[in-house]
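Student: Would you mind keeping the following structure in view while I ask a few things?
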Amino acid sequence: MRALCVFAILCSGCARCGERGPYRVHRAAAPISIDGALLESAWDRADRTGPFVRSLDGKAAAAATEARLLWDDETLYVAFQCEDANVATPFTRDDQALYTSNVVEIFLNPSGDLAHYVEIEVAPSNALFDASFTGRRAGMDLAWSSGARHAVQVDGTLNDPQDVDRGWTVELAIPFAKLPGAPRPRRGDQWRFNLYRLRQPPGEGQAYSPPMVG
Numbered sequence: 400m401r402a403l404c405v406f407a408i409l410c411s412g413c414a415r416c417g418e419r420g421p422y423r424v425h426r427a428a429a430p431i432s433i434d435g436a437l438l439e440s441a442w443d444r445a446d447r448t449g450p451f452v453r454s455l456d457g458k459a460a461a462a463a464t465e466a467r468l469l470w471d472d473e474t475l476y477v478a479f480q481c482e483d484a485n486v487a488t489p490f491t492r493d494d495q496a497l498y499t500s501n502v503v504e505i506f507l508n509p510s511g512d513l514a515h516y517v518e519i520e521v522a523p524s525n526a527l528f529d530a531s532f533t534g535r536r537a538g539m540d541l542a543w544s545s546g547a548r549h550a551v552q553v554d555g556t557l558n559d560p561q562d563v564d565r566g567w568t569v570e571l572a573i574p575f576a577k578l579p580g581a582p583r584p585r586r587g588d589q590w591r592f593n594l595y596r597l598r599q600p601p602g603e604g605q606a607y608s609p610p611m612v613g
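Here my numbering is used: position 33 in the sequence shown is 432, and no number is missing along the way.
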């Protein structure tokens with residue numbers, strides 16, 4: 400995880416990390432309905448990450464992906480917008496191996512220790528995978544539940560290769576109370592995080608902050 404998210408509207412003195420500077424997570428100014436539509440005015444206030452890049456070399460990805468984050472006293476909100484001409488996944492149930500197909504992923508390391516982190520994934524079918532870890536790909540706890548509310552909207556037809564889709568949108572609400580060892584953030588707090596998208600096929604990994612570069 401090479402990026403920082405900062406729970407502040409304005410902040411100063413934040414060191415750059417990885418290929419991106421700190422991402423500023425603005426407070427949600429109004430309630431958000433988790434429906435995958437992103438129609439609330441609160442989302443208009445959220446900073447956009449800019450296009451994800453290929454995770455292996457940092458070059459432009461073949462299909463555009465962008466994300467936005469917001470927060471309030473109880474919840475971290477995350478939205479992904481994914482361009483895709485053929486939105487598809489074989490998975491329909493939670494905690495299947497979503498990472499072997501098309502999926503978006505969130506990694507959160509609130510303590511900044513680069514060890515204890517959580518991973519949350521959502522597939523185009525709205526199936527969810529979540530787990531906590533005590534080290535890099537070590538100490539995985541599949542029994543941990545993020546308690547996330549999540550929704551997906553597909554702009555096209557899921558699992559129909561005969562038509563041309565435009566993409567899919569994911570919206571999540573992650574309760575801070577469910578994050579192990581993470582107190583609710585205060586304005587100015589910094590968390591380590593990263594955002595990913597996997598496309599299978601063509602086997603392309605994308606990231607907000609590419610872990611294999613630099």
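Using N, Cα and C, we set each Cβ at its ideal position, and we do this for glycine too.
Between Glu482 and Trp567, what straight-line distance do the alpha-carbon atoms span, to the nearest angstrom?
Tutor: 7 Å
Student: On the three-pair Cβ rule with 8 Å, is the region 432-445 touching the region 526-541?
Tutor: Look at the beta carbons and you see the region 432-445 not touching the region 526-541: under three pairs across the two are nearer than 8 Å.
Student: Within 10 angstroms of its Cβ, does Gly604 collect 16 or more other Cβ (buried), or is it exposed?
Tutor: buried
Student: Exposed or buried, what is Leu409 when buried is set at 16 or more other beta-carbons lying within 10 Å of its beta-carbon?
Tutor: Confidence is the limiting factor: at Leu409 the pLDDT is only 28, short of 50, which leaves the residue's position unreliable, though a coordinate-based value still follows. Taking a 10 Å sphere around the C-beta of Leu409, we find fewer than 16 other C-beta atoms and assign the residue as exposed.
Student: Pull up the CB-CB distance for Tyr476 and Leu594, whole angstroms please, since I reckon it's below 8 Å.
Tutor: Rounded, the Cβ-Cβ distance is 13 Å, inconsistent with contact.
Student: The beta strand (DSSP E) with Arg598 in it runs from where to where?
Tutor: 588-598
Student: Tell me where the beta strand (DSSP E) around Asp554 begins and ends.
Tutor: 548-554
Student: Give the DSSP-derived three-state secondary structure of Arg447 in the structure shown.
Tutor: Note: Arg447 maps to strand in three-state DSSP.
Student: Does the region 509-523 come within contact of the region 573-588, defined as at least 3 CB pairs closer than 8 Å?
Tutor: By the Cβ test, the region 509-523 is in contact with the region 573-588, since at least three Cβ pairs between them sit closer than 8 Å.
Student: Measuring CA to CA, which of Ala463, Tyr498, Ala478 is closest to Val551?
Tutor: Ala478
Student: Bridge partners for Glu482 per DSSP, in chain order?
Tutor: Gly566
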